Amino acid sequence: MKHTRVKDLLNSNNTLHEVNAKGWVRTFRNNQFIALNDGSTINNIQCVVDFENTAEETLKRITTGAAISVTGNLVESKGAGQKYEIQVKKLEILGDSDAEKFPMQPKKHSLEFLRENAHLRVRTNAFGAIMRIRSVLSFAVHSYFQQKGFVYVNTPIITGADAEGAGEMFQITSLPLNNLPKNEEGNIDYKKDFFGKHTNLTVSGQLEGETFAMALGQIYTFGPTFRAENSNTSRHLAEFWMIEPEVAFNNLDDNMDLAEDFIQYVIKFAMDKCGDDLKFLEGRLLDEEKSKPQAERSEMALLEKLNFVLENNFKRVSYTEAIDILRDCTPNKKKKFQYIINEWGADLQSEHERYLVEKHFKCPVILFDYPANIKAFYMRLNEDGKTVRAMDILFPGIGEIVGGSQREERFDVLVEKMKALGIDEEELWWYLDTRRFGSAVHSGFGLGFERLVLFVTGMTNIRDVIAFPRTPQNADF
Ligand code: 4AD
Ligand code: MG
Numbered sequence: 000m001k002h003t004r005v006k007d008l009l010n011s012n013n014t015l016h017e018v019n020a021k022g023w024v025r026t027f028r029n030n031q032f033i034a035l036n037d038g039s040t041i042n043n044i045q046c047v048v049d050f051e052n053t054a055e056e057t058l059k060r061i062t063t064g065a066a067i068s069v070t071g072n073l074v075e076s077k078g079a080g081q082k083y084e085i086q087v088k089k090l091e092i093l094g095d096s097d098a099e100k101f102p103m104q105p106k107k108h109s110l111e112f113l114r115e116n117a118h119l120r121v122r123t124n125a126f127g128a129i130m131r132i133r134s135v136l137s138f139a140v141h142s143y144f145q146q147k148g149f150v151y152v153n154t155p156i157i158t159g160a161d162a163e164g165a166g167e168m169f170q171i172t173s174l175p176l177n178n179l180p181k182n183e184e185g186n187i188d189y190k191k192d193f194f195g196k197h198t199n200l201t202v203s204g205q206l207e208g209e210t211f212a213m214a215l216g217q218i219y220t221f222g223p224t225f226r227a228e229n230s231n232t233s234r235h236l237a238e239f240w241m242i243e244p245e246v247a248f249n250n251l252d253d254n255m256d257l258a259e260d261f262i263q264y265v266i267k268f269a270m271d272k273c274g275d276d277l278k279f280l281e282g283r284l285l286d287e288e289k290s291k292p293q294a295e296r297s298e299m300a301l302l303e304k305l306n307f308v309l310e311n312n313f314k315r316v317s318y319t320e321a322i323d324i325l326r327d328c329t330p331n332k333k334k335k336f337q338y339i340i341n342e343w344g345a346d347l348q349s350e351h352e353r354y355l356v357e358k359h360f361k362c363p364v365i366l367f368d369y370p371a372n373i374k375a376f377y378m379r380l381n382e383d384g385k386t387v388r389a390m391d392i393l394f395p396g397i398g399e400i401v402g403g404s405q406r407e408e409r410f411d412v413l414v415e416k417m418k419a420l421g422i423d424e425e426e427l428w429w430y431l432d433t434r435r436f437g438s439a440v441h442s443g444f445g446l447g448f449e450r451l452v453l454f455v456t457g458m459t460n461i462r463d464v465i466a467f468p469r470t471p472q473n474a475d476f
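Per numbering that gives the first Met the number 0, residue 0 is the first one in the sequence shown, and the count goes up by one each step.
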């Protein structure tokens, strides 16, 4: 007999004769009531065991974590909280679980403990919900761009370019590390390496993405990216997923419009599809808030916060305006910031970004026109000669969620910039070709997928929204 997913059973329009469900036992009460979960929904189905006619031996094996198969009628439930339950006629233990040793006990565990058990944490309500929402969000990403006729491009994960400028890179090599071949100058001879040159894991698909945008018009990438920065924070991963659209003939304003519309679409998509999971996470957060002092509690519940982002335009503010606000703000004057803002040109730290979003504007903010010298080489220089057409989108509780720009389409200006920064023109010959042959205004951005999932789920540590996080000193599982 084919089994039916718990979600479909709970959503049934009527009672059913003889159904089969398979899943894992969450709890077993009074030798009679099994809460069964199969991952299709956050909700368990109650399975009522006929304990008088079930062998003592079998009852003992219905333990938290065990895999079981139950067959019986789907009947209206007499208990509160559920419409239907299964009146079990036949119960089979598929896989025993040693209840005493099973780490996912039916009680609240710390997130730290759950991270150490990342292979089992997905069996909890919270992580089941997070991972289902993550899956729906990634579908939403494709849905948005495909609907608009963007072409999905898979840019390489192994890159020969050292100069993308988005962060420290992980080298990859097949050379024997304890016996490296040397060239005549005594340096490592990468000609003998697998690709005949020095290679890294990519930090971004943008540069390759631009070449495709200059042919296909509108493209997006969605793939893993790698950064070897030693940033042990709740917002950084060494391996994370990024979505990078790139659009020919878009200027920075078009780029902002696209980013805002895209983010609102995917959040709405998740709200429409993941109601139960979001409601659960909202409740979990409210519980957590109760243990915090009043001043630290957030002003909005999760769904209210998501709705707020859908209903309000993102505030667009130039870097120069932002610096004025920050220079005069109380935490700056009282030296409460770790990095004091003194003058125009300062790089913004996450404490400043969060002040702007959470305290000053109290809504998502798009900062644009940053000083050229704190941004990447490929951003378009403004007429003032000192700022570039960059944009960062800042979100409450997250800080930077998107980084993007209008690209420098003028060959001469780009080459000059690369020279000034010591970026090898020969290495990026192919990138410069886009400016040699049919160059045009174009723009794009990168959205950190895990930061989006953080925002939508209301979680606070990025390690909790990816299956198996990679961070400094940690690559378990
Ligand atoms: O601002 P970034 O470095 O921009 C780029 O890589 C550009 N090439 C994007 C483009 O224009 N196509 O990174 C983009 C986003 C950040 O805003 C952030 O959300 C996320 O990627 N991000 C990280 N997420 C998790 N862990 C990290 N270490 C991250 N670094 C960046
Ligand atoms: Mg950035």
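Quick reminder that beta carbons are idealized off the backbone N, C-alpha and C, glycines included. Please read these numbers as outputs of a predicted model, since none were measured by experiment.
{"Check": "DSSP beta-bridge partners of Phe-221", "Outcome": "Ile-242"}
{"Check": "Limits of the alpha helix (DSSP H) - the one that Gln-145 falls within", "Outcome": "124–146"}
{"Check": "Rounded C-alpha distance that separates Gly-71 from Gly-94", "Outcome": "20 Å"}
{"Check": "Start-to-end residues for the alpha helix (DSSP H) that takes in Gly-204", "Outcome": "Here Gly-204 belongs to no alpha helix (DSSP H), and DSSP marks it neither H nor E."}
{"Check": "Alpha-carbon spacing of Lys-334 relative to Ala-321, whole angstroms", "Outcome": "17 Å"}
{"Check": "beta-carbon Asp-391 near the ligand MG non-hydrogen atom, thresh 8 Å", "Outcome": "yes"}
{"Check": "Closer than 8 Å: Gly-402 CB and nearest the ligand MG heavy atom", "Outcome": "yes"}
{"Check": "Under the three-state DSSP convention, the category Glu-75 falls into", "Outcome": "strand"}
{"Check": "Arg-379 beta carbon near the ligand 4AD (any heavy atom closer than 8 Å)", "Outcome": "no"}
{"Check": "Own chain partners of Phe-149 with C-beta closer than 7 Å, once the 5 adjacent residues on each side are dropped", "Outcome": "Gln-217, Ile-218, Tyr-219 and Pro-244"}
{"Check": "Collapsed DSSP secondary structure at Tyr-369 in the structure displayed", "Outcome": "strand"}
{"Check": "Residues bridged to Lys-21 [DSSP beta-bridge criterion]", "Outcome": "Ser-68"}
{"Check": "Cβ-heavy atom distance, Gly-443 to the ligand 4AD, below 8 Å", "Outcome": "yes"}
{"Check": "Inter-stretch contact at 8 Å, needing at least 3 Cβ pairs: the stretch 145–160 / the stretch 458–468", "Outcome": "no"}
{"Check": "Local Cβ density within 10 Å of Val-69, reported as buried at 16 or more and exposed below that", "Outcome": "buried"}
{"Check": "Spatial distance of Ala-300 from Leu-285 (CA atoms)", "Outcome": "7 Å"}
{"Check": "Pair within 9 Å by beta-carbon distance, Ile-92 and Cys-46", "Outcome": "no"}
{"Check": "As assigned by DSSP and simplified to three states, the class of Thr-456", "Outcome": "helix"}
{"Check": "Candidates Phe-32, Ala-66, Ile-324 and Val-121: closest to Gly-78 by CA position", "Outcome": "Phe-32"}
{"Check": "Cβ-heavy atom distance, His-351 to the ligand 4AD, below 8 Å", "Outcome": "no"}
{"Check": "Segments of 3+ residues assigned as beta strand (DSSP E) that fall wholly inside the stretch 289–346", "Outcome": "314–317"}
{"Check": "Collapsed DSSP secondary structure at Asn-36 in the structure displayed", "Outcome": "strand"}
{"Check": "Beta-carbon contacts of Arg-353 that lie in its chain and below 6 Å, excluding the five residues immediately before and after", "Outcome": "Gly-398"}
{"Check": "Segment limits, beta strand (DSSP E) that includes Glu-399", "Outcome": "398–405"}
{"Check": "Cβ-Cβ distance between Leu-136 and Leu-393 below 9 Å", "Outcome": "no"}
{"Check": "Member of Thr-210, Ala-65, Lys-181 and Arg-379 whose CA lies at the smallest distance from the CA of Leu-427", "Outcome": "Thr-210"}
{"Check": "For Val-87, the first and last residue of its enclosing beta strand (DSSP E)", "Outcome": "83–94"}
{"Check": "Candidates Met-458, Leu-9, Ile-61 and Met-103, of which the one nearest Asn-29 by Cα", "Outcome": "Ile-61"}
{"Check": "Local conformation of Ser-442 per DSSP, three classes", "Outcome": "strand"}
{"Check": "Glu-399 CB to nearest heavy atom of the ligand MG below 8 Å", "Outcome": "yes"}
{"Check": "Three-way DSSP call (helix, strand, coil) for Ala-227 in this model", "Outcome": "coil"}
{"Check": "Close-in-space but distant-in-sequence residues of the same chain around Lys-314 (CB under 6 Å, 5 per side omitted)", "Outcome": "Phe-360, Cys-362 and Val-364"}
{"Check": "Closest Cα partner of Ala-466 within the set His-2, Ile-132, Gly-22 and Pro-105", "Outcome": "Ile-132"}
{"Check": "Stretch pair the stretch 96–116 + the stretch 406–418: three plus CB contacts closer than 8 Å", "Outcome": "no"}
{"Check": "Any non-hydrogen atom of the ligand 4AD closer than 8 Å to Gln-217 Cβ", "Outcome": "no"}
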